[in-house]
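Notes follow once the structure below has been shown.
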Amino acid sequence: MPASAKWLMCCGYGILLGLVLATVPTQADVRPLRAHFIDVGYADAILFEFPDATTMLIDAGDAQDSSSRSHRSPEGEEPTGRLISYLKSHQIQKIDTVVITHPHRNHFGGLRKVAGRIPVARLFHNGDPNEEKGYAALLDYLKRKQVSIAVLRRGQTLEHLPDSVTVEVLNPPDLNDSPNDNALALWIKHGKVSLLLLADIGPGRQDALLQASPGIRQADCIQVPHHGGPLSDAFIEAFQGKTFIISTGPNRWGLPHEDQLRKLNGTVYRTDRDGTLVVESDGNALKVVSWTQNGS
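Here my numbering is used: position 237 in the sequence shown is 230, and no number is missing along the way.
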């Protein structure tokens, strides 16, 4: 083979190799999973941004709930206004999945305003008929907007998510007369890292989850149930030394219970003190950033 031909062949292989390497994503190129525990007062609103840029909103806290009317930002915004502002500031153009854990206003009350401004593709809920005022009207409104609506139960997993992400439903197995214990509890896994979201479940249901799904003890980050409400002894023992997040604000019940938090012996973050909290993970480890203190 002539020398010139060999030279051209080598150049060709070099260019091809360069193109192949250029298409292999580096660690810096891969988007992390982000879970935003938005400060909405005594309520829940958690925005997930997945590595493929799809989004999921778990609950939509409402300022009009009687327990959080007094909680305003320094700019005078009520919590629902801050939820919408936060979504817009992060350029959320569409919410692919909404999960309403249970039909209490401080978990669903802001969704109508959100859905009126940002398109929602699908909604999951627990189907509990023990609903607070406005929930049935909300579902009717979402149906008119062509939002797909379905009920979830323990053992199901959500579909149409990135390959690296699994969302497993842990609760409820069925419905009883306790709206809080009927709340959807989710175990969200991304690579080697997982988050446990427990809504408002009480001590008895916490124990039942540990028995039915012992693997949840491996969760890295746990949302403390019911805005820092009662915890079972088994729960406290199971999650010693973990990372905990509490979504809370001024309330008449004195939550969270400080004595219980001390028993957890872990790192505790609170939206009433730390502002909006962002859990970020590359699938191998996680870190927590206070969005407010981060200057954003």
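Each residue gets a CB set at the ideal place from its N, CA and C atoms; glycine is no exception.
Could you name the residues that DSSP lists as bridge partners for V92?
For V92, the pairing in a beta bridge is given by DSSP as I51 and F117.
I'd like the span of the beta strand (DSSP E) that includes V282, first residue to last.
In the DSSP annotation of this structure, the continuous segment of the beta strand (DSSP E) that includes V282 starts and ends at L279 to S283.
CB L190 to CB A178, shorter than 9 Å?
When the beta-carbon positions are compared, L190 and A178 come within less than 9 Å of each other.
Within a Cβ cutoff of 8 Å, which residues of the same chain sit near W284, ignoring the five residues on either side of it in sequence?
Cβ neighbours of W284 beyond the five flanking positions: H29, G268, T269, L270 and V271.
Using beta-carbon positions only, say whether H220 and S240 come within less than 9 Å of one another.
Contact: yes.
Pairwise C-alpha distance: A176 and D58:
Low confidence applies here, because D58 scores a pLDDT of 40, under 50, leaving its location unreliable; read the following figure in that light. Computed Cα separation, rounded: 18 Å.
9 Å is my cut-off, CB to CB: does S187 come that close to chain C?
The question asks about chain C, but that chain is absent: this structure has only one protein chain.
Assigned exposure category for A53 - 16 Cβ within 10 Å defines buried:
Counting Cβ neighbours within 10 Å, A53 comes out buried, since at least 16 surround it.
Quick one: what does DSSP say T264 is sitting in, helix, strand or coil?
If DSSP states are grouped into helix, strand and coil, T264 belongs with the helices.
Can you tell me where the alpha helix (DSSP H) holding F101 begins and where it ends?
Here the alpha helix (DSSP H) through F101 covers R98 to F101.
What residue ranges within the stretch 156 to 205 form continuous alpha helix (DSSP H) runs of no fewer than 4 residues, ordered along the chain?
DSSP runs (the alpha helix (DSSP H)) wholly in the stretch 156 to 205: 196 to 205.
Measuring CB atoms only, is the stretch 250 to 266 touching the stretch 180 to 194, in the sense that at least three cross pairs come out at less than 8 Å?
Pairwise C-beta distances place the stretch 250 to 266 out of contact with the stretch 180 to 194, as fewer than three of them are shorter than 8 Å.
Kindly indicate which residue of A38, I194 and H153 has the alpha-carbon position closest to the one of L168.
Residue I194 is the option with its Cα nearest to L168.
Rounded to whole angstroms, what's the CA-CA distance from D265 to G234? Just pull it up for me.
Rounded to whole angstroms, the separation of the alpha carbons of G234 and D265 is 21 Å.
If I measure Cβ to Cβ from N258 and keep anything under 6 Å in the same chain, skipping five residues before and after, which residues do I get?
For N258, where only same-chain residues beyond five positions count, the Cβ hits under 6 Å are Q233 and G234.
Excluding sequence positions up to five away, which residues of its chain have a Cβ less than 6 Å from the Cβ of V113?
Close CB contacts of V113 within its chain, under the 6 Å cut and outside five residues either way in sequence, are with I88, V91 and V140 (chain order).
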